[in-house]
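In this text, residue positions in the sequence shown follow this note's numbering: the first is 443, and each later residue adds one. Ideal placement from N, C-alpha and C gives every residue a C-beta, glycine not left out. Note sheet for the following structure.
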Amino acid sequence: MSTKPLILYGVPFSQPVRAVMWLLLLKRCPFEMVLINPGSKGDNGSRHPDFLAKNPGGTIPTIEDPNTGFTLGEAHAILPYLCQRNGWDDVYPAGLEARARVDWYLHFHHRNVRDASPGLVAPKVRKDLDIPESFQEASKRTLTRALETLEDGWLANSAFLVGDSVTIADLAAYVEIGQLQPEFTNLLDFSGYPNVCRWLETMHGVDGHDDVHVVLATLGDISEEAPTMDAIRGANKAALRALKARLAEFE
Ligand SMILES: N[C@@H](CCC(=O)N[C@@H](CS)C(=O)NCC(=O)O)C(=O)O
Numbered sequence: 443m444s445t446k447p448l449i450l451y452g453v454p455f456s457q458p459v460r461a462v463m464w465l466l467l468l469k470r471c472p473f474e475m476v477l478i479n480p481g482s483k484g485d486n487g488s489r490h491p492d493f494l495a496k497n498p499g500g501t502i503p504t505i506e507d508p509n510t511g512f513t514l515g516e517a518h519a520i521l522p523y524l525c526q527r528n529g530w531d532d533v534y535p536a537g538l539e540a541r542a543r544v545d546w547y548l549h550f551h552h553r554n555v556r557d558a559s560p561g562l563v564a565p566k567v568r569k570d571l572d573i574p575e576s577f578q579e580a581s582k583r584t585l586t587r588a589l590e591t592l593e594d595g596w597l598a599n600s601a602f603l604v605g606d607s608v609t610i611a612d613l614a615a616y617v618e619i620g621q622l623q624p625e626f627t628n629l630l631d632f633s634g635y636p637n638v639c640r641w642l643e644t645m646h647g648v649d650g651h652d653d654v655h656v657v658l659a660t661l662g663d664i665s666e667e668a669p670t671m672d673a674i675r676g677a678n679k680a681a682l683r684a685l686k687a688r689l690a691e692f693e
């Protein structure tokens with residue numbers, strides 16, 4: 443009996459969606475990407491009743507196994523689930539303590555590194571959200587503290603966040619921090635963080651990096667001028683075309 447590939451709901455512009463895309467590409471695991479517009483109540487929106495039936499939180503990424511109907515939301519539940527289901531111990535180490543450290547980072551990420559988006563990216567691309575200035579400033583302070591924690595702690599003595607090879611912790615962290623680099627949105631000066639810079643450079647060499655970041659490479663520098671919704675839509679479409687071409691190689 444043939445099995446249908448996993449479905450990933452989301453858009454490439456979403457940071458946590460990119461983390462899941464990256465893991466699947468890195469492990470050469472076929473999947474189907476179904477476009478879901480974050481926050482929209484319309485057809486194909488994450489707040490439409492059909493989607494809320496899959497993920498009551500109404501957020502992307504969400505995955506679905508079409509063979510069983512099993513659905514799962516939250517990137518940091520999805521990444522460990524996929525690794526455990528497929529035995530990907532290289533990126534989610536089997537050793538109790540190493541795995542616990544990956545989980546440690548995944549929990550730390552929320553309300554820390556994740557604040558890069560409400561602090562820097564969302565104010566540029568989601569004017570409709572009207573994020574208050576005070577909230578943006580608080581998010582930037584949180585992100586600065588988080589980067590210092592990575593610089594002086596997590597990345598001080600190892601090539602990757604947990605040890606000397608890439609794990610899902612790195613994928614989760616990079617989609618948030620990496621988006622701010624000069625070749626993408628250009629929203630942060632990294633010069634005060636040499637260990638973070640070294641890690642960013644290393645992450646460029648991880649298989650799937652370029653495929654996952656087509657959306658940001660297409661959109662380019664948004665530091666001076668906020669992109670239009672049409673430009674974001676166009677970048678998402680370009681990313682989907684590139685993803686389809688890459689996935690065709692797995693067949
Ligand atoms: N904690 C969630 C956050 C996901 C998230 O914030 N997704 C955004 C897109 S980047 C979303 O779906 N927003 C739509 C909404 O909240 O209505 C995860 O890591 O999966």
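Query	Result
Enclosing beta strand (DSSP E) for I502 [first to last residue]	Run containing I502: none; DSSP gives neither H nor E here.
Nearest-angstrom Cα separation, counted from R675 out to K686	17 angstroms
Exposed unless 16 or more other CB atoms sit within 10 angstroms - verdict on A598	exposed
Test item: CB-CB of F602 and D594 under 8 angstroms	no
Residue(s) in a DSSP beta bridge with V476	Y451
8 angstroms Cβ cutoff met for C525 and I610	yes
I619 CB to nearest heavy atom of ligand 1 below 7 angstroms	no
Residues proximal to ligand 1 by C-beta, any heavy atom closer than 6 angstroms	S456, Q457, P458, P480, G481, S488, R489, G500, T501, I502, P503, E516, A517 and H518
Residues bridged to F512 (per DSSP)	D507
Residue range of the unbroken alpha helix (DSSP H) whose run includes G676	M671 to A690
Per-residue burial, H646 [other beta carbons within 10 Å of its own, 16 or more giving buried]	exposed
Touching by the beta-carbon criterion (3+ pairs, under 8 angstroms), the region 621-632 and the region 522-542	no
Sequence-distant residues of its chain with Cβ nearer than 6 angstroms to A461 (five each side left out)	A517, L613, A614 and V617
Which of helix, strand or coil DSSP assigns to G484	coil
Limits of the unbroken alpha helix (DSSP H) element including Q526	A517 to N528
Proximity below 8 angstroms, CB of V648 to CB of L468	yes
Straight-line Cα distance separating S576 from D457	As written in the sequence, residue 457 is Gln, which differs from the Asp given in the question. Their backbone Cα atoms lie some 23 angstroms apart in a straight line.
contact_flag[the region 678-692, the region 491-506] where n(CB pairs < 8 angstroms) is 3 or more	no
For D631 and W546, the rounded distance between their alpha carbons	27 angstroms
Where the alpha helix (DSSP H) containing Q641 begins and where it ends	The identity of residue 641 in the sequence shown is Trp, whereas the question assumes Gln. Start and end: P636 to H646.
Inter-residue spacing [alpha-carbon to alpha-carbon] between D655 and L689	A small fix is needed here, since residue 655 is His in this sequence, not Asp. C-alpha separation (whole angstroms): 15 angstroms.
Test item: CB-CB of Q621 and V563 under 8 angstroms	yes
Per-residue DSSP class, three states only, for F626	coil
Range covered by the alpha helix (DSSP H) that runs through T591	E575 to T591
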